[in-house]
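For the sequence shown, the working numbering assigns the number 290 to the initial residue and increments by one for each residue that follows.
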Amino acid sequence: MGKVTVSGRIALITGGARGMGLLWAEHLVKDHSRVVLWDLDGAELERAAERIQSLGGSVLTQVVDVTDRAAVYAAAVAAQSQMGPIDILINNAGIVAAGKFTEMPDEKLSATIDVDVKALLWTMKAFLPGMIERGAGNIINISSASGFIGVPYMPAYAASKWAVIGMTESLRLEMELEGHTGIKFTLFCPSYVDTGMFAGVKPPLLTPILTPEIAVKRAYKAFRRGDYFILEPFIVKFTPALKALLPRGIFDRVSDILGVNTSAKGVHGRK
Ligand SMILES: NC(=O)c1ccc[n+]([C@@H]2O[C@H](COP(=O)([O-])OP(=O)(O)OC[C@H]3O[C@@H](n4cnc5c(N)ncnc54)[C@H](O)[C@@H]3O)[C@@H](O)[C@H]2O)c1
């Protein structure tokens, strides 16, 4: 039994049709949560629902574009009237725009901020009031190892993941100051994970690409334990401290040598 209770609770996972989102859902239903999955991709959502049901889980799927604020608010009302109040929100939906900045279409840069940053504001606006009223809730925001370092060839993505950390830190403190101590936040910051999102990546030295299964298994265990800041794999745990302590030139050089700075150069994403 972990410190965070999930049994009998209802979890909503954005981008839950595939990849790490679906794996979070699988862990939760195995531990007797019920799940709501939101995604843009209806066909993948159907497959995801079958997978959850094959595990004996109770699932509601909704095709929702998390960048559509009105759709988020409407789907939140519908989900809660069908399933009950959402106790656990996992902001997992994400997209990446990778390539040379000056050649990147404006729409891709803008969409990255819409999905990876602004959508979190709408989902948290939708579910936090209910959590506050009930005096309890968990919000897991997915940032990344790129949430505290620069990553050439994906500035909008890195910006979005830095923003997720700033947003989560701010809200965590605000909830405490306002006396809503039953609302708990978790930040998950993995390096590259083999879901297809970053297809074409060249993994840095000492930073193995994690399988989605391992990444989510570790994150889920840490979440249940009550951890706030979850960094994976091992080397990522040291990155914020190294960045703060090393002179910038040395940190840049180490990142060059390890191949961090060129890791995203060939990213083309899922075909
Ligand atoms: N894969 C990695 O290497 C990696 C590393 C660090 C952090 N992350 C983060 O982890 C999260 C999950 O990544 P993943 O690799 O499982 O991704 P994925 O591409 O496998 O799954 C993301 C899901 O989000 C959905 N989605 C995208 N835009 C949406 C929108 N507007 N509305 C609703 N759903 C939408 C997609 O349809 C997809 O099903 C993302 O936030 C990502 O940034 C991934």
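Note that the Cβ used here is the ideal one computed from N, Cα and C, for glycine as well.
Just curious, the beta strand (DSSP E) that residue i is in, first and last residue?
i: residue 518; result: 518-521
i: residue 328; result: 323-328
i: residue 418; result: Note, residue 418: premise wrong, no beta strand (DSSP E); alpha helix (DSSP H) at 408-423.
i: residue 300; result: 299-303
i: residue 318; result: Element bounds for residue 318: not the beta strand (DSSP E) but the alpha helix (DSSP H), 308-319.
i: residue 352; result: 348-352
Are the Cβ atoms of residue i and residue j separated by less than 8 Å?
i: residue 406; j: residue 486; result: no
i: residue 360; j: residue 353; result: yes
i: residue 464; j: residue 409; result: no
i: residue 404; j: residue 478; result: no
i: residue 494; j: residue 547; result: yes
i: residue 351; j: residue 368; result: yes
For the candidate residues the options, whose alpha-carbon lies nearest to that of residue i?
i: residue 441; options: 350, 484, 545; result: 545
i: residue 313; options: 519, 370, 508, 365; result: 508
i: residue 439; options: 450, 519, 429; result: 450
i: residue 419; options: 375, 538, 430, 408; result: 375
i: residue 469; options: 511, 504, 456, 426; result: 426
i: residue 414; options: 396, 364, 392; result: 364
Can you list, in chain order, the residues of its chain with a C-beta nearer than 6 Å to that of residue i? Leave out the 5 residues immediately preceding and following it.
i: residue 346; result: 318
i: residue 553; result: 387, 440, 442, 443
i: residue 307; result: 333
i: residue 411; result: 358, 361
i: residue 496; result: 480, 524
Spatial neighbours of residue i within its chain, please: C-beta separation below 8 Å, excluding the five flanking residues on both sides.
i: residue 555; result: 489, 490, 491
With a CB to CB cut of under 7 Å and the five nearest residues on each side skipped, what residues in its chain are close to residue i?
i: residue 504; result: 309, 479, 482, 521
i: residue 373; result: 299
Going by DSSP, what residue range makes up the alpha helix (DSSP H) through residue i?
i: residue 498; result: Counting along the chain, residue 498 falls outside any alpha helix (DSSP H), and DSSP gives it neither H nor E.
i: residue 343; result: 331-343
i: residue 537; result: 537-547
Legend entry - Whole runs of the alpha helix (DSSP H) within the stretch 421-490, excluding any shorter than 4 residues: 444-466
Legend entry - Every unbroken alpha helix (DSSP H) within the stretch 368-404, with a cutoff of 4 residues, ordered by chain: 395-402
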